[in-house]
Amino acid sequence: LPALFFLKPAEMSSALLWQVIRGGTCFTRRGLHGESFSSEAGNLKNKHCYKYSGVSNADAIDVSATEDAIALTVGRPKNANKPVASKKTQIIKKNARKALRSVGKQAASFRPDLKPAAQARAAALAKSLRVKKASKK
1208 LPALFFLKPA
1218 EMSSALLWQV
1228 IRGGTCFTRR
1238 GLHGESFSSE
1248 AGNLKNKHCY
1258 KYSGVSNADA
1268 IDVSATEDAI
1278 ALTVGRPKNA
1288 NKPVASKKTQ
1298 IIKKNARKAL
1308 RSVGKQAASF
1318 RPDLKPAAQA
1328 RAAALAKSLR
1338 VKKASKK
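According to this note's numbering, the stretch in the sequence shown is residues 1208 to 1344, in order.
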């Protein structure tokens, strides 16, 4: 067997790992008009492409919702071979504007190309976390 099969994913480059998984994974979904989508964690736009992939990029950014806050998870490339230390999660319990600003700053410092996508995902999550005010009848 080639030496490629004995390498750990942390020892592969992210481009090589993408070449291995781009044909399809369990996260790949097909759209009605032939588009490819992905449901993997860390994929901000849910597009099946190298730029947004959370599996092949060690420095991926994930914005998700907890019960009452927004969770920002950032990959750490230097700890890619340590599963627990490879991701850093920050819980943001601020109002929507401050949360968007915080997500934007974090995304710009790690992956500037993903800043607009991270802010858009955070805005959608903040809108979904809003509680409707009760109206008097």
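Don't be surprised by glycine CBs; every beta carbon is placed ideally from N, CA and C.
DSSP state of residue i mapped onto helix, strand, coil
i: Met1219; result: coil
i: Lys1289; result: coil
i: Ala1266; result: It should be noted that the sequence gives Asp, not Ala, for residue 1266. The answer is coil: DSSP assigns Asp1266 none of H, G, I, E or B.
i: Ala1248; result: coil
i: Arg1328; result: helix
i: Lys1254; result: strand
i: Leu1208; result: Note that Leu1208 has pLDDT 42, beneath the 50 cutoff, so the model's placement of it is unreliable and the number below is only indicative. Leu1208 falls in the coil class under three-state DSSP.
i: Ala1272; result: strand
i: Arg1308; result: helix
i: Ala1333; result: helix
Exposed unless 16 or more other CB atoms sit within 10 angstroms - verdict on residue i
i: Glu1242; result: exposed
i: Ala1325; result: buried
i: Asn1264; result: buried
i: Ser1220; result: exposed
i: Ser1316; result: exposed
Presumed contact (8 Å Cβ cut-off) between residue i and residue j, rounded CB distance
i: Val1270; j: Leu1251; result: 7 Å
i: Ser1335; j: Ala1272; result: 7 Å
i: Leu1223; j: Ile1268; result: Not a contact, Cβ separation roughly 21 Å.
Which residues DSSP lists as bridging residue i, in chain order
i: Gln1297; result: Leu1279
i: Ala1314; result: Beta-bridge pairing links Ala1314 to no other residue.
i: Thr1235; result: Ser1245
Identity of the residue in the options nearest residue i by Cα
i: Gln1313; options: Arg1283, Ser1220, Glu1247; result: Arg1283
i: Val1227; options: Arg1337, Gly1311, Cys1256, Ala1292; result: Cys1256
i: Ala1248; options: Pro1319, Val1281, Lys1301, Lys1289; result: Val1281
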